[in-house]
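Novice:
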Ligand SMILES: [Zn+2]
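Residue numbers (our numbering): 2 to 407.
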């Protein structure tokens with residue numbers, strides 16, 4: 002596997018600048034397209050699974066994190082508070098849960114509304130040491146595909162199970178193979194909130210979910226979140242270094258701390274449970290992994306440029322330009338490589354990562370045809386342009402791993 006940092010720069014996907022700071026990458030247009038396609042995919046999957054999306058700010062008062070428990074258990078990973086004047090101190094959030102808990106609390110809820118699934122692709126900040134930062138895999142600004150499911154105790158197992166299902170389905174679409182599933186349990190020390198009964202309850206739920214899934218997994222102590230155990234989906238880079246991409250967590254702690262409740266069928270107040278989950282983890286880490294996995298040759302639905310039109314000579318330029326317009330109208334990311342940019346061979350070589358090349362000569366221009374060269378070397382028979390565009394659009398729309406279906 003290549004190094005995503007090198008490839009990311011070569012392919013103009015992302016970069017960093019010492020003046021912005023270590024661990025704070027920026028996304029160039031090609032990388033932003035990949036990120037957007039992933040976020041759009043996850044949003045669609047979540048909507049179908051009954052999630053509703055929200056936005057919340059990246060700052061919160063220090064008191065918010067004192068209540069959530071982050072200040073007591075997670076402060077070493079947080080940036081120092083900012084002085085806002087008076088006695089106000091704001092903190093760059095280290096996670097989205099406290100904001101979502103407050104949003105849940107802002108409205109009354111009946112048991113009939115549960116499970117209430119709140120999703121957000123949001124930024125969070127972690128004060129990682131500069132020595133461990135690199136590329137997209139270890140960053141200080143993290144954009145997490147996050148969600149919190151507020152549910153009754155009876156619904157927790159089903160919700161955790163469904164979250165694991167979403168993760169596995171997404172990995173199948175993205176071509177990601179986890180190296181292992183980990184049941185992350187608390188360890189010794191003051192890092193974890195103290196409530197043995199709560200931990201046992203949450204661990205029992207996740208153990209049942211993993212056992213029912215039929216997946217092989219390892220239970221590892223000392224890897225839990227401070228407020229509860231989690232299922233971690235582990236991936237590895239080319240050097241075999243393991244990291245956590247997606248998680249499912251069961252949390253009885255924050256609902257208690259934020260005094261969340263719902264009105265049950267009995268008319269009384271009850272405490273909901275929070276399931277924290279991420280389908281594809283942070284966009285930084287998943288894109289780092291995908292760059293290495295595909296060596297920049299992303300599946301067509303993720304490719305920064307999906308189709309490149311190459312007129313053989315200036316005479317075909319008007320037809321080529323019209324073809325680009327037709328592709329854009331269908332929602333494809335299409336560009337043109339003009340003859341002035343080099344010989345046909347040089348232009349084709351420069352576009353080695355583009356899934357679909359449409360070479361346009363006199364015959365194609367006259368008969369409104371497209372002769373495709375696929376990135377995998379195949380060359381389907383020339384097709385009427387409308388058919389070729391429709392077929393590519395269908396393959397991309399279905400997020401197929403392959404480039405062509407005969
Ligand atoms: Zn959370």
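We treat Cβ as the ideally placed atom computed from N, Cα and C, and that holds for glycine.
Check whether the Cβ atoms of residue 276 and residue 308 sit closer than 8 angstroms, and answer yes or no.
Specialist: Contact: no.
Novice: May I ask which residues mark the beginning and end of the beta strand (DSSP E) holding residue 218?
Specialist: 218–222
Novice: Under 7 angstroms Cβ to Cβ from residue 287, same chain only, skipping five residues before and after it: list those, please.
Specialist: 39, 246 and 281
Novice: Do the segment 323–331 and the segment 46–64 touch if we need at least three Cβ pairs shorter than 8 angstroms?
Specialist: no
Novice: Give a yes or no on whether the C-beta atoms belonging to residue 296 and residue 3 are separated by under 8 angstroms.
Specialist: yes
Novice: So residue 250 packs on residue 269, CB below 8 angstroms; how close in whole Å?
Specialist: Between residue 250 and residue 269, the beta carbon gap of about 27 angstroms keeps them out of contact (Cβ cut-off 8 angstroms).
Novice: Report buried or exposed for residue 314, applying the criterion of at least 16 other Cβ atoms within 10 angstroms of its Cβ.
Specialist: Exposed: under 16 other Cβ atoms inside 10 Å.
Novice: Buried or exposed: residue 22, going by 16 or more other Cβ atoms within 10 Å of its Cβ?
Specialist: exposed
Novice: For the segment 183–199 against the segment 152–166, do three or more pairs of beta-carbon atoms, one drawn from each stretch, fall closer than 8 angstroms, so that the two count as touching?
Specialist: These segments do not touch.
Novice: In this structure, does DSSP put residue 366 in helix, strand or coil?
Specialist: Looking at residue 366 - three-state DSSP - the assignment turns out to be helix.
Novice: For residue 231, which of helix, strand or coil comes out of DSSP?
Specialist: Here residue 231 sits in strand by DSSP.
Novice: If you scan the segment 5–54 from start to end, which runs of the alpha helix (DSSP H) of 4 or more residues do you find wholly inside it?
Specialist: 5–11 and 30–49
Novice: Report the residue from 363, 312 and 320 whose alpha carbon sits nearest the alpha carbon of residue 343.
Specialist: 312
Novice: Less than 8 angstroms separating the beta-carbons of residue 14 and residue 35?
Specialist: yes
Novice: Would you call the CB atoms of residue 316 and residue 363 closer than 8 angstroms?
Specialist: yes
Novice: Which term fits residue 83, buried or exposed, when burial requires 16 or more other beta carbons within 10 angstroms of its beta carbon?
Specialist: exposed
Novice: Answer yes or no: do residue 373 and residue 357 have a C-beta to C-beta separation smaller than 8 angstroms?
Specialist: yes
Novice: Could you pull out every unbroken beta strand (DSSP E) segment of at least 3 residues lying fully inside the segment 109–186, listed in chain order?
Specialist: 117–126, 142–152 and 181–186
Novice: What did DSSP end up calling residue 339 once you bin it into helix, strand or coil?
Specialist: coil
Novice: Kindly indicate the opening and closing residues of the beta strand (DSSP E) around residue 90.
Specialist: 90–93
Novice: Using a threshold of 7 angstroms, is the CB atom of residue 103 nearer than that to any non-hydrogen atom of ligand 1?
Specialist: no
Novice: Kindly list the residues whose CB is nearer than 8 angstroms to the CB of residue 78, restricted to its own chain and excluding five residues on each side of it in sequence; keep chain order.
Specialist: 95, 127, 128 and 129
Novice: Quick one: using the 10 Å Cβ neighbour count with 16 as the cut-off for buried, is residue 115 buried or exposed?
Specialist: The residue is buried, with at least 16 neighbouring Cβ atoms inside 10 Å.
Novice: Nearest to residue 354 by CA position, among 375, 189 and 367, is which residue?
Specialist: 375
Novice: Between which two residues does the beta strand (DSSP E) containing residue 357 stretch?
Specialist: Run containing residue 357: 357–361, per the beta strand (DSSP E) assignment.
Novice: Just to check, is the beta-carbon of residue 97 closer than 7 angstroms to a non-hydrogen atom of ligand 1?
Specialist: Residue 97: yes, Cβ under 7 angstroms from ligand 1.
Novice: Considering Cα atoms alone, identify which of 235, 61 and 142 is closest to residue 100.
Specialist: 61
Novice: Which runs of the beta strand (DSSP E) fall wholly inside the segment 56–83 and span at least 3 residues, in chain order?
Specialist: 60–62
Novice: With three or more C-beta pairs closer than 8 angstroms as the rule, is the segment 137–151 touching the segment 178–197?
Specialist: no
Novice: When the Cα of residue 369 is compared with those of 176, 321, 403 and 393, which residue comes out closest?
Specialist: 321
Novice: Taking Cβ positions only, does residue 31 come closer than 8 angstroms to chain D?
Specialist: In the structure shown, chain D cannot be found, because there is only a single protein chain.
Novice: For residue 210, which residues in the same chain have their Cβ closer than 8 angstroms to its Cβ, ignoring the five residues on either side in sequence?
Specialist: 158, 161, 162, 165, 232 and 249
Novice: Sorry if obvious, but does the Cβ on residue 147 come closer than 7 angstroms to a heavy atom of ligand 1?
Specialist: yes
Novice: For residue 120, collect the residues of the same chain with a Cβ closer than 6 angstroms to its Cβ; drop the 5 residues on either side in sequence, then sort them by chain order.
Specialist: 47, 52, 54 and 148
Novice: Could you name the residues of the same chain whose beta carbon sits closer than 6 angstroms to that of residue 17, not counting the 5 residues immediately before and after it, in chain order?
Specialist: 26
Novice: Taking the alpha carbon of residue 105 as the reference point, which residue from 272, 28 and 168 has its own alpha carbon closest?
Specialist: Closest in C-alpha terms to residue 105, from the list 272, 28 and 168, comes 272.
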